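Protein chains in written order, with the working numbering: chain A, 23 to 737; chain B, 6 to 334.
Yeah, the Cβ is synthetic: ideal placement off N, Cα and C, and Gly gets one too.
All values reported here derive from a predicted model rather than from experimental measurement.
Written out below as structure tokens is the structure these notes cover.
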Amino acid sequence: MKGARRTDGPAWPERDTLQVLHHDTPRRSAKDKVRGAALYSHDRRVPGMLYGRLVSVPVPRAEFEVDLAPALAIDGVVAAVKLREGETQFLGQAVAAVAAETPELAEDGARAVKLTFRELPFAITPDQALAEGAPQVRRGGNHSKVRPKGDEAATEEALAASDAVIDVTYRVPVQHHVCLETHGVLCDYRGGDEATIYASTQMAFGIPGAAAEVLGLDEKNVRCIVEHMGGGFGSKFSLDTPGRAACLLAKQAGRPVQLLNTRTDEFRAAGNRSGSIRRVRAGANEDGKLTALRIECEKLGGIGRGAGGPRPYHYEPGASYFEERAIHTHTDSSRAMRAPGHPQAAFASESAIDELAYRVGVDLVAFRKANLSDPVWHRQLDRVAAEIGWHDHPHRSAPGRGDGWIAEGIGFAISAWGGGGHRGAEASVSIRPDGGVAAMIGIQDLGTGVRTLVAMIAAEELGLRAEDVEPRIGDTILPPGVGSGGSVTTGSISPPVKIASYNARKAFAEHLASILDCPSERVRFQARRVFDADTPGRGLTWEEACRTLPKTGIGGHGAWDAKLQGSGVHGAQAARVRVDLMTGRVRVLKMVCCQDSGLVLNPLTWRSQVNGAMIQGLGQALFEERVLDADLGLALNAGLGDYKIPGTEEIPELVALIDEEDTREFPIGVGEPPVIPGPAAIANAVHNACGARVRSLPITPDKVLAALAKLEKEG
Amino acid sequence: MHRFRLEFPKDVAAATSLLPSHRGPLTPRDARVLAGGQDLLGELKDHLVEPDTLVSLHRIPGLDGFELGEDLRLGALVTLAVIERDTALRERFTVLAEAAESVATPQIRTQATLGGNLCQRPRCWYYRNEEAPCIKKGGAECFAFGGRNKYNAILGGGPSYIVHPSDLAPALVCLDATVTKTAREGTETIALESFFTLPSEGSVQRENVLRANELLLGVHVPALGPGWKSTYLKFRERESFDFALAAVALAVRLDGERIAEAKLVLGGVAPIPWRARAAEDFVAGKPNTRSTWKAAADLALAGAEPLEHNAYKIPLTKGLIQKAFRKLA
Ligand SMILES: Cc1cc2nc3c(=O)[nH]c(=O)nc-3n(C[C@@H](O)[C@@H](O)[C@H](O)COP(=O)(O)OP(=O)(O)OC[C@H]3O[C@@H](n4cnc5c(N)ncnc54)[C@H](O)[C@@H]3O)c2cc1C
Ligand code: SF4
Numbered sequence: 023m024k025g026a027r028r029t030d031g032p033a034w035p036e037r038d039t040l041q042v043l044h045h046d047t048p049r050r051s052a053k054d055k056v057r058g059a060a061l062y063s064h065d066r067r068v069p070g071m072l073y074g075r076l077v078s079v080p081v082p083r084a085e086f087e088v089d090l091a092p093a094l095a096i097d098g099v100v101a102a103v104k105l106r107e108g109e110t111q112f113l114g115q116a117v118a119a120v121a122a123e124t125p126e127l128a129e130d131g132a133r134a135v136k137l138t139f140r141e142l143p144f145a146i147t148p149d150q151a152l153a154e155g156a157p158q159v160r161r162g163g164n165h166s167k168v169r170p171k172g173d174e175a176a177t178e179e180a181l182a183a184s185d186a187v188i189d190v191t192y193r194v195p196v197q198h199h200v201c202l203e204t205h206g207v208l209c210d211y212r213g214g215d216e217a218t219i220y221a222s223t224q225m226a227f228g229i230p231g232a233a234a235e236v237l238g239l240d241e242k243n244v245r246c247i248v249e250h251m252g253g254g255f256g257s258k259f260s261l262d263t264p265g266r267a268a269c270l271l272a273k274q275a276g277r278p279v280q281l282l283n284t285r286t287d288e289f290r291a292a293g294n295r296s297g298s299i300r301r302v303r304a305g306a307n308e309d310g311k312l313t314a315l316r317i318e319c320e321k322l323g324g325i326g327r328g329a330g331g332p333r334p335y336h337y338e339p340g341a342s343y344f345e346e347r348a349i350h351t352h353t354d355s356s357r358a359m360r361a362p363g364h365p366q367a368a369f370a371s372e373s374a375i376d377e378l379a380y381r382v383g384v385d386l387v388a389f390r391k392a393n394l395s396d397p398v399w400h401r402q403l404d405r406v407a408a409e410i411g412w413h414d415h416p417h418r419s420a421p422g423r424g425d426g427w428i429a430e431g432i433g434f435a436i437s438a439w440g441g442g443g444h445r446g447a448e449a450s451v452s453i454r455p456d457g458g459v460a461a462m463i464g465i466q467d468l469g470t471g472v473r474t475l476v477a478m479i480a481a482e483e484l485g486l487r488a489e490d491v492e493p494r495i496g497d498t499i500l501p502p503g504v505g506s507g508g509s510v511t512t513g514s515i516s517p518p519v520k521i522a523s524y525n526a527r528k529a530f531a532e533h534l535a536s537i538l539d540c541p542s543e544r545v546r547f548q549a550r551r552v553f554d555a556d557t558p559g560r561g562l563t564w565e566e567a568c569r570t571l572p573k574t575g576i577g578g579h580g581a582w583d584a585k586l587q588g589s590g591v592h593g594a595q596a597a598r599v600r601v602d603l604m605t606g607r608v609r610v611l612k613m614v615c616c617q618d619s620g621l622v623l624n625p626l627t628w629r630s631q632v633n634g635a636m637i638q639g640l641g642q643a644l645f646e647e648r649v650l651d652a653d654l655g656l657a658l659n660a661g662l663g664d665y666k667i668p669g670t671e672e673i674p675e676l677v678a679l680i681d682e683e684d685t686r687e688f689p690i691g692v693g694e695p696p697v698i699p700g701p702a703a704i705a706n707a708v709h710n711a712c713g714a715r716v717r718s719l720p721i722t723p724d725k726v727l728a729a730l731a732k733l734e735k736e737g
Numbered sequence: 006m007h008r009f010r011l012e013f014p015k016d017v018a019a020a021t022s023l024l025p026s027h028r029g030p031l032t033p034r035d036a037r038v039l040a041g042g043q044d045l046l047g048e049l050k051d052h053l054v055e056p057d058t059l060v061s062l063h064r065i066p067g068l069d070g071f072e073l074g075e076d077l078r079l080g081a082l083v084t085l086a087v088i089e090r091d092t093a094l095r096e097r098f099t100v101l102a103e104a105a106e107s108v109a110t111p112q113i114r115t116q117a118t119l120g121g122n123l124c125q126r127p128r129c130w131y132y133r134n135e136e137a138p139c140i141k142k143g144g145a146e147c148f149a150f151g152g153r154n155k156y157n158a159i160l161g162g163g164p165s166y167i168v169h170p171s172d173l174a175p176a177l178v179c180l181d182a183t184v185t186k187t188a189r190e191g192t193e194t195i196a197l198e199s200f201f202t203l204p205s206e207g208s209v210q211r212e213n214v215l216r217a218n219e220l221l222l223g224v225h226v227p228a229l230g231p232g233w234k235s236t237y238l239k240f241r242e243r244e245s246f247d248f249a250l251a252a253v254a255l256a257v258r259l260d261g262e263r264i265a266e267a268k269l270v271l272g273g274v275a276p277i278p279w280r281a282r283a284a285e286d287f288v289a290g291k292p293n294t295r296s297t298w299k300a301a302a303d304l305a306l307a308g309a310e311p312l313e314h315n316a317y318k319i320p321l322t323k324g325l326i327q328k329a330f331r332k333l334a
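Right, dumping it as structure tokens:
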């Protein structure tokens with residue numbers, strides 16, 4: 023597919039003519055981050071600031087009353103507010119908040135708040151929720167209506183006629199976002215009619231309105247600043263409970279309040295990736311064709327709906343039928359999390375595809391290609407297969423067994439995503455007489471490298487180096503950005519920055535035309551010089567040219583243009599694992615991802631995204647699971663010691679390959695798609711190594727040992 | 006956080022005089038000994054203990070003593086980083102060095118001490134949750150028994166099913182170490198093996214014989230003798246840092262193709278470092294082959310009584326035992 027080319031306005035230049043874009047460019051804030059100099063909302067301190075803490079009832083469900091007086095009686099506790107009346111619905115749901123002179127006093131205050139509560143019966147597991155006489159979670163009941171799709175009769179018929187059939191259930195537990203910076207804000211309000219909110223958010227421009235409402239101010243007078251933020255992964259789109267509490271406390275105290283979740287709050291009540299249970303019945307014929315696919319899916323999103331994902335997951339069975347329903351429990355609501363629904367759907371689909379390929383004895387890559395019509399997946403599967411060493415691998419259509427101590431295997435999985443931008447963002451670029459250039463857009467940088475990208479786009483247009491441009495982002499006094507969710511950021515902000523840079527260049531060229539004594543169309547900006555295209559040997563340095571500008575400088579503005587971005591990406595991953603047959607340890611040795619995403623504007627930060635996604639996928643595959651005690655209603659691993667995410671020892675060799683055969687000449691976002699296939703690819707690799715099929719995530723040693731024992735029993 | 010006084014006594018007598026004199030298990034308000042603080046500060050922050058006084062050992066001279074002659078003498082304040090880095094120690098007491106380096110993270114090991122490691126409290130999810138008043142904290146019920154017990158004991162459990170979290174403990178028991186403790190009443194040296202107590206033996210609220218006013222002063226490790234080799238194999242669910250799901254401290258003396266003698270102690274599976282004497286006796290004089298290792302592993306786990314979610318620890322520990330023998334073969 024070829025991108026739309028325009029000659030009458032801004033367009034992305036041909037790839038091989040790019041000087042700044044499409045070249046590895048280290049992120050602007052790298053040094054500051056390494057040195058600890060980068061200021062996150064957590065690090066902000068302003069004069070007179072108080073520290074806030076949330077208060078919650080220590081059971082999943084209760085009727086409660088709050089008495090703030092004992093907290094306010096503590097010397098140093100300055101403000102206390104109620105956040106909720108009546109009943110709580112899940113453990114960790116905040117009912118009050120306090121603010122004090124120090125974090126320690128705030129904790130003392132929070133613990134001193136008197137909660138009088140009557141515990142109510144709860145249902146925190148799907149079994150409890152579906153049991154006879156279960157306490158009700160939502161008004162509509164403890165499960166949603168079944169949403170069917172497809173042809174049930176034809177699917178049953180095709181299943182009955184298939185050479186091989188599987189009927190298995192795949193389980194994915196609730197996973198947490200684990201943002202290294204917890205949710206919350208510093209609300210800098212000191213009385214009066216203005217406020218500044220330093221927020222850890224994915225949507226800076228959503229904050230002023232919401233905060234203004236709580237503070238009782240005019241939205242115009244509330245500013246949000248997100249200089250750096252420590253991850254959101256889909257969970258940080260609103261002012262949220264800690265933000266609302268900070269504003270209420272600040273309003274009461276007439277002083278700034280910083281309130282960011284404790285790690286425990288974060289695990290209990292800041293959202294999660296919904297779990298899922300999928301019963302899969304699927305069939306294939308010996309010729310390697312998928313005949314039928316039937317999936318019954320239960321989404322486990324707590325009091326929320328949970329995420330389903332595409333049905334089927336991109337493979338093309340002869341006949342298919344799907345049912346989906348949400349089961350509600352008295353647990354924190356799921357939220358969007360990096361490719362909502364997709365990893366769960368991919369884990370079930372890709373495991374089932376694998377199981378069928380082995381049943382009919384067909385090469386795992388060949389089987390996949392035979393059931394996917396889109397050639398992009400074919401070439402991406404071939405590429406990751408080559409990179410992971412598939413062609414020399416001994417177990418391509420039957421699993422290995424290992425040497426009695428260890429076994430090695432390879433697994434595959436694919437993904438798909440949108441990644442296009444949308445309207446709403448605007449940008450300005452200004453050029454000063456001293457040669458300085460500022461590129462301005464209010465967008466927040468979640469850690470993806472947007473700040474760097476903004477500078478690169480302007481630099482490319484003006485013939486400068488990325489470091490010559492000062493990117494100004496993360497502030498609502500700047501031209502508006504968009505919410506960073508759905509991998510839309512690059513697609514939403516690149517067009518306005520590009521257009522603003524283009525317009526600034528045009529204006530500068532008009533200004534320089536008389537000085538260079540040529541028509542403005544002939545003015546060229548290259549390698550920090552400006553010159554007449556007909557006499558490239560003469561001309562001005564960038565600084566000389568800028569010195570001719572009026573004091574106010576010159577600039578341009580830009581809005582979004584659909585033609586400068588696009589949507590629709592594929593992806594394929596392969597994983598190589600080593601299974602310790604004595605202990606059940608799965609060690610991932612290597613992960614490979616091949617991903618298309620149009621014109622890759624900064625390959626370095628692109629690879630960081632893909633590598634980070636592979637690591638997050640590895641965490642979901644091997645470690646991550648929320649553990650609750652079903653009788654006591656307690657969260658048992660609500661901390662970073664017990665909720666395990668990968669550490670340095672777990673990181674395998676990571677290979678992030680740009681699918682260069684994708685010649686679309688516009689950028690597409692890449693934040694989400696590479697997180698999808700990892701868990702499935704790793705589960706499939708475990709089976710390929712030693713024959714142990716683990717159908718529930720995470721693939722912990724206990725499950726691997728149980729699967730190996732079952733194999734041994736079956737001979 | 007409950008306000009506490011931080012005391013810096015300058016000698017052992019001053020330290021013990023600041024500790025409670027009663028004989029019962031420590032109450033949450035009782036004074037606590039502070040060494041590296043890597044466990045105790047977590048307990049304070051989680052409100053599991055709220056002492057009025059913390060007694061730091063850091064100004065008492067000599068407690069960080071480290072003497073490596075034939076034998077090894079370690080003061081209670083020697084850090085795990087020191088134990089892990091000394092090359093002469095590693096050569097002769099490999100199991101101890103390997104155990105030390107398997108603990109937590111490099112940052113923690115520079116603070117964490119030997120005494121604190123041996124006296125640290127359990128990691129059972131319920132113990133660490135303020136809202137779960139289980140037997141270990143003076144309550145009436147063991148919640149792990151019928152609850153989420155994936156990480157709990159398969160050997161020696163009841164009425165509490167914790168596993169002892171220390172990695173140094175199995176290694177030092179394997180080396181037949183002794184421990185010296187002191188109270189106002191006097192100083193005593195006992196085998197480290199008898200320092201730790203099962204919940205069914207001593208008080209279920211503590212993990213060792215140390216009384217409220219006693220201090221651990223140090224450990225003495227006798228030389229293993231010529232011909233011995235040792236190793237510590239720890240299985241962590243997450244290798245970067247994690248407590249043991251199971252661990253094996255093994256020392257063997259080989260005689261040609263045979264095993265002359267072996268010492269085998271298991272970690273992560275019982276409320277105390279679990280010495281597998283039947284397996285030790287069995288392998289003495291047997292050929293150093295996989296079938297011997299396997300039979301020894303079976304014997305070591307023969308008495309295991311798994312709970313609902315931790316039966317995997319049986320094959321896991323058996324696998325680790327075989328891997329340890331193989332490593333030393
Ligand atoms: C993230 C994390 C991971 C960890 N991983 C591991 C692991 O893998 N393996 C492992 O073994 N441990 C692990 N630990 C526990 C770690 O805290 C201990 O290993 C450490 O050695 C404790 O030593 P300390 O000096 O810091 O003890 P402190 O915290 O100071 O003391 C611990 C306890 O011992 C008592 N105490 C200390 N010294 C004496 C003494 N001389 N006499 C009497 N009582 C004393 C204290 O009163 C307290 O109750 C981990 C801890 C953390 C936080
Ligand atoms: S195992 Fe011990 S610490 Fe854990 S719940 Fe039972 S009694 Fe409490």
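Cβ-Cβ distance between residue i and residue j below 8 angstroms
i, j, result
"residue 402 of chain A", "residue 593 of chain A", "yes"
"residue 51 of chain B", "residue 133 of chain B", "yes"
"residue 424 of chain A", "residue 321 of chain B", "no"
"residue 221 of chain A", "residue 244 of chain A", "no"
"residue 105 of chain A", "residue 119 of chain A", "yes"
"residue 375 of chain A", "residue 389 of chain A", "yes"
Reference residue i, options the options, closest by Cα
i, options, result
"residue 494 of chain A", "A:681, A:165, A:464", "A:464"
"residue 468 of chain A", "A:380, A:298, A:650, A:203", "A:203"
"residue 714 of chain A", "A:552, A:603, A:497, A:379", "A:603"
"residue 665 of chain A", "A:645, A:62, A:384, A:92", "A:645"
"residue 223 of chain A", "A:255, A:211, A:194", "A:255"
Min CB distance residue i to chain A below 8 angstroms
i, result
"residue 134 of chain B", "yes"
"residue 116 of chain B", "no"
"residue 235 of chain B", "no"
"residue 160 of chain B", "no"
Beta-ladder partner(s) of residue i, from DSSP
i, result
"residue 462 of chain A", "A:450, A:494"
"residue 744 of chain A", "Outside the shown range of chain A, which is 23 to 737, sits residue 744 of chain A, and nothing can be said about it."
Chain B within 8 angstroms of residue i, Cβ atoms only
i, result
"residue 729 of chain A", "no"
"residue 38 of chain A", "no"
"residue 342 of chain A", "no"
"residue 424 of chain A", "no"
"residue 604 of chain A", "yes"
| task | Collect the residues with a C-beta less than 5 angstroms away from any heavy atom of ligand 2 and give them in sequence order along the chain. | result | B:129, B:131, B:132, B:139, B:140, B:141, B:147, B:148, B:149, B:165, B:166, B:167
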